[in-house]
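Undergrad: Before I ask anything, here is the structure I am working with.
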Amino acid sequence: MTTEELERAFKAHAGALRSFFYRHLKNTETAAELAQETYLRVLRQPPREPVLNVRGLIFRIARNLIIDHARSRETRDQHDQGLAYLYQVTGESPELFEVVAARRDMDTLAEALQRLPAQCQQIFLMCRLQGLPHKQVAKTLGVSVSTVEKQLVVALDFLRQCLQR
Numbered sequence: 179m180t181t182e183e184l185e186r187a188f189k190a191h192a193g194a195l196r197s198f199f200y201r202h203l204k205n206t207e208t209a210a211e212l213a214q215e216t217y218l219r220v221l222r223q224p225p226r227e228p229v230l231n232v233r234g235l236i237f238r239i240a241r242n243l244i245i246d247h248a249r250s251r252e253t254r255d256q257h258d259q260g261l262a263y264l265y266q267v268t269g270e271s272p273e274l275f276e277v278v279a280a281r282r283d284m285d286t287l288a289e290a291l292q293r294l295p296a297q298c299q300q301i302f303l304m305c306r307l308q309g310l311p312h313k314q315v316a317k318t319l320g321v322s323v324s325t326v327e328k329q330l331v332v333a334l335d336f337l338r339q340c341l342q343r
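Numbered per this note's numbering, the sequence shown spans residues 179 to 343.
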């Protein structure tokens, strides 16, 4: 199955996929993020064998992401409880720790942005920070909308990996 075929299939099921995530998570932002992650996973690891039911493949990945999300939320909750106890025992303010962590994440993000190829970096900044639509970014840079979408996926995947380290 080619990348173009996977993209067409994903676009055909994107609305149903977001609805599926929203029904399970009750959060539109998380639903959108996990829909994007589904797309990334489909593109990153195309099936080795012919897929008879592409919709089934997409929703299998989606179901696995919901399970992963629930597990990570549990882990985060346990971590937050441990931190709350630490703050209680030490008398330290959680705001201080949050500020330090946020600064570290911003530094990591800034460094990661600099490591992206120039066009990929520019597309990310225009789409995510300036909030420009893909079509306008494509016109401004003289590339196709498909190129903008693919480069944005590359940037988001790379930045997500950098922040998770």
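Ideal placement from N, C-alpha and C gives every residue a C-beta, glycine not left out.
(1) Alpha carbons only, please: which of Asp246, Glu183, Ile236 is nearest the one belonging to Thr208?
(2) At which residues does the alpha helix (DSSP H) containing Gln297 begin and terminate?
(3) In the DSSP assignment, find the alpha helix (DSSP H) that holds Val326 and state where it starts and stops.
(4) Does the Cβ of Glu215 have 16 or more other Cβ atoms within 10 Å, making it buried, or fewer, making it exposed?
(5) When the distance is taken between beta carbons, is Val331 closer than 8 Å to Leu221?
(6) What are the boundary residues of the alpha helix (DSSP H) that Leu319 is part of?
(7) Are Phe188 and Ala240 closer than 8 Å when you measure CB to CB?
(8) Using a 10 Å radius around the Cβ and a threshold of 16 neighbouring Cβ atoms, would you call Gln342 buried or exposed?
(9) Would Val277 be called buried (16 or more neighbouring beta carbons within 10 Å of its own) or exposed?
TA: Well, looking at it:
(1) Locating residue 208 in the sequence shown gives position 30, where the first residue counts as 1. The candidate whose alpha carbon is nearest that of Thr208 is Asp246.
(2) Indexing the sequence shown from 1 puts residue 297 at position 119. Residues 296–302.
(3) Counting from one through the sequence shown, the residue named residue 326 turns up at place 148. Per DSSP, Val326 belongs to the alpha helix (DSSP H) from 323–342.
(4) As a first step, residue 215 is located in the sequence shown; it is residue number 37 there, counting from the start. Flag for Glu215 reads buried.
(5) Taking the first residue of the sequence shown as position 1, residue 221 is located at position 43. Taking the first residue of the sequence shown as position 1, residue 331 is located at position 153. Yes, the pair counts as a contact, with Cβ atoms nearer than the cut-off.
(6) Here residue 319 is taken as the residue at index 141 of the sequence shown, counted from 1. Note, Leu319: alpha helix (DSSP H), 312–319.
(7) Here residue 188 refers to the residue found at position 10 when the sequence shown is read from its first residue. Here residue 240 refers to the residue found at position 62 when the sequence shown is read from its first residue. For Phe188 and Ala240, no; Cβs fall outside 8 Å.
(8) Position 164 of the sequence shown holds residue 342. Result: exposed.
(9) For the purposes of this step, residue 277 is identified with residue 99 of the sequence shown, where counting begins at 1. Exposed.
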